[in-house]
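Undergrad: Here it is, the structure in full.
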């Protein structure tokens, strides 16, 4: 039987299971990419702060004084409090989490309380760096949830139950009941209870187990369909034998073969039902709680991000009073390299942010696609005639994934990506100014050398002229020579003043470029943190609503 013919003969059930398996493979791949992007995003968030601090060390430590800060503006803590008040009731674990974050807000608000202050530019950038670091650390718990370092399950895990000898399978089918897990799991976990305990499972291992069982289900349904085709052929052959011959031994042997195939088919179908039940158990008892836990963790993470980006925005208020006419020191090669490094890190931060959102969307979408097929009973596809319509399943994970996917589609991530990208362009513009400044600086160096040379020429000529005047007070016959020397000194002085003027213009141009770079940074950074604060607020609110919905579905659960 050819491959194409086999696929046609095996029918919808096998194709259905193949699609299920493929979607789960996509989910595993997307989860791994999501985990990697989450770690990468946190790392480059931290690196951005460090590079900003390094960049600031290349500037003069300008003092910023604001004796009369603008009073009465809502602080970050007040903003977040309003969000809580509008967010509805949450479960106890979310309330505890909010209380912890509220304490952190109060502490930061006390630090940033209105009043006269006198800080330096380096202090401002150091505080920005500190909040970048703390924001990146807020992802630690999510990174632990998405960890991929544990040993994953392969297909052999499912094979421990799926590939038994025929006698064992028949005995299992005979003794099987709806509490099969009590009978089945000790065989799977024999000698491995600690490794396979639900408490020790990670998000990654649960998906690997589901993928292993989906592969097992595909193999079983495919084998079952082949068995059914073989059984139907044997039945047709038996019927033909009954019409052609009367040899009782031949007929008896054919009947035994048909009976054997029928029992094998029944056993295979019962084994398939065991696999389906185990997949559904993993779906509801392990995967769903992990997804809820992930939503909780991400809600905390982005809520904390909102606070730190909001505080960065408040810190930048100090830069409003920065007098950029206090020309920063010349750009050195080392400072230029730090600026390039900052640009590179911000670019990567943007890339990791894009991957973080995309891979999360891909993961939720793949799980949703898998779940749609998972909720279609296999038996309703296998049987040509169904006596009653299949029971509609509505597990909690269905509501969770549907809401999650809808929220992600509305997430304003494009604005955040644009803000980070624009900040990278600001750094690139500063690099361009630095390149221009360093070229001008070279011209300044050349002009200074020329000025030194012209100054020496002028001084030599002027000294000779002055000496000649002293001598000529005695000798009145050299008046013409003195006049010529005087004109020569005047010419040298004009040339000297021209070079001095050119040097001053070039130095002013260098200083203007440095001030322009500082002005671009001063005016551009607030928009970055404003957008990131808004995005973090929207993201955390979405995830809190998602968590709240999930906990309302399972009020008895107390997920940490």
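Residue numbers (the numbering used here): 50 to 609. Using N, Cα and C, we set each Cβ at its ideal position, and we do this for glycine too. Note that the structure is predicted; figures quoted are calculated from it, not measured.
#1: Could you compute how far the alpha carbon of residue 558 sits from the alpha carbon of residue 459?
#2: Go through its chain and collect everything with a Cβ distance to residue 311's Cβ below 7 Å, but skip five positions before and after it.
#3: So, for residue 270: in the same chain, excluding its five sequence neighbours on each side, which residues have a beta-carbon less than 7 Å away from its beta-carbon?
#4: Taking the runs of the alpha helix (DSSP H) that are 4 residues or longer, which of them lie wholly in the region 403-475?
#5: Just to confirm the assignment, what range does the alpha helix (DSSP H) spanning residue 175 have?
#6: Would a C-beta distance cut-off of 8 Å place residue 419 and residue 331 closer than the cut-off?
#7: Could you say which of 503, 576, 429 lies nearest to residue 473 if we only look at CA atoms?
#8: Let me know if residue 450 comes out buried or exposed under the rule of 16 or more other beta-carbons within 10 Å of its beta-carbon.
#9: Spatial neighbours of residue 96 within its chain, please: CB distance less than 7 Å, with the 5 preceding and 5 following residues excluded, ordered by chain position.
#10: Anyone know if the C-beta pair for residue 184 and residue 357 falls short of 8 Å?
#11: Got a sec? Which residues, its chain only, sit under 8 Å from residue 492 by beta carbon, not counting five neighbours each side?
#12: Which of helix, strand or coil does DSSP assign to residue 164?
#13: Is there contact here, the region 83-96 with the region 293-309, by at least three beta-carbon pairs under 8 Å?
#14: Given a threshold of 16 other Cβ atoms within 10 Å of its Cβ, counted over all protein chains shown, does residue 277 qualify as buried or as exposed?
#15: Within the same chain, show all residues whose beta-carbon is closer than 6 Å to that of residue 287, passing over the 5 residues directly before and after it, in chain order.
#16: Please confirm whether residue 412 and residue 83 have their CB atoms less than 8 Å apart.
#17: For residue 463 and residue 410, what's the separation of their Cα atoms in angstroms?
#18: DSSP state of residue 90, grouped into three classes?
#19: Tell me the DSSP secondary structure of residue 340 in three-state form.
#20: Determine the direct distance from the alpha carbon of residue 354 to that of residue 586, and round the result to whole angstroms.
#21: Of all the options 496, 92, 352, 483, which has the alpha carbon lying nearest to the alpha carbon of residue 399?
#22: Within a Cβ cutoff of 7 Å, which residues of the same chain sit near residue 74, ignoring the five residues on either side of it in sequence?
#23: Applying the 10 Å Cβ sphere with the 16-neighbour rule, what's the burial state of residue 502?
#24: For residue 388 versus residue 486, is the C-beta distance shorter than 8 Å?
#25: In three-state DSSP terms, what is residue 196?
#26: Could you tell me the distance, in whole angstroms, from the CA atom of residue 87 to the CA atom of residue 316?
#27: Given this structure, state the Cα-to-Cα distance separating residue 344 from residue 593, to the nearest angstrom.
#28: Using a Cβ-Cβ cutoff of less than 7 Å, which residues in the same chain neighbour residue 544 once the five nearest sequence positions on both sides are dropped?
#29: Starting from the C-beta of residue 566, find all residues in its chain whose C-beta is less than 6 Å away, skip the five residues before and the five after it, and write them out in chain order.
#30: Quick one, which of 318, 283, 68 has its alpha-carbon nearest residue 301's?
#31: In this structure, how does DSSP classify residue 252 when only helix, strand and coil are distinguished?
#32: Anyone know if the C-beta pair for residue 610 and residue 448 falls short of 8 Å?
#33: So, with DSSP's three-state summary, where would you put residue 380?
#34: Under a three-way DSSP split, which group does residue 136 fall into?
#35: So what's residue 273 in DSSP terms, helix, strand or just coil?
TA: Looking at the atomic coordinates:
#1: 47 Å
#2: 280
#3: 62, 63, 66, 321, 427
#4: 427-431, 445-459
#5: 170-186
#6: no
#7: 576
#8: buried
#9: 394
#10: yes
#11: 555
#12: Residue placement at residue 164 is poorly supported in this model, since its pLDDT is 45, which falls under 50; the coordinates still yield a value, given next. Here residue 164 sits in coil by DSSP.
#13: no
#14: buried
#15: 303, 307
#16: yes
#17: 14 Å
#18: helix
#19: helix
#20: 8 Å
#21: 92
#22: 260
#23: exposed
#24: no
#25: coil
#26: 45 Å
#27: 8 Å
#28: 503
#29: 479, 482
#30: 283
#31: helix
#32: Examination of residue 610 is not possible in this model, given that the chain is present from 50 through 609 alone.
#33: coil
#34: A caution first: residue 136 carries a pLDDT of 39, below 50, which makes its placement in the model unreliable, though a value can still be read off. Of the three classes helix, strand and coil, the one that applies to residue 136 here is coil, per DSSP.
#35: helix
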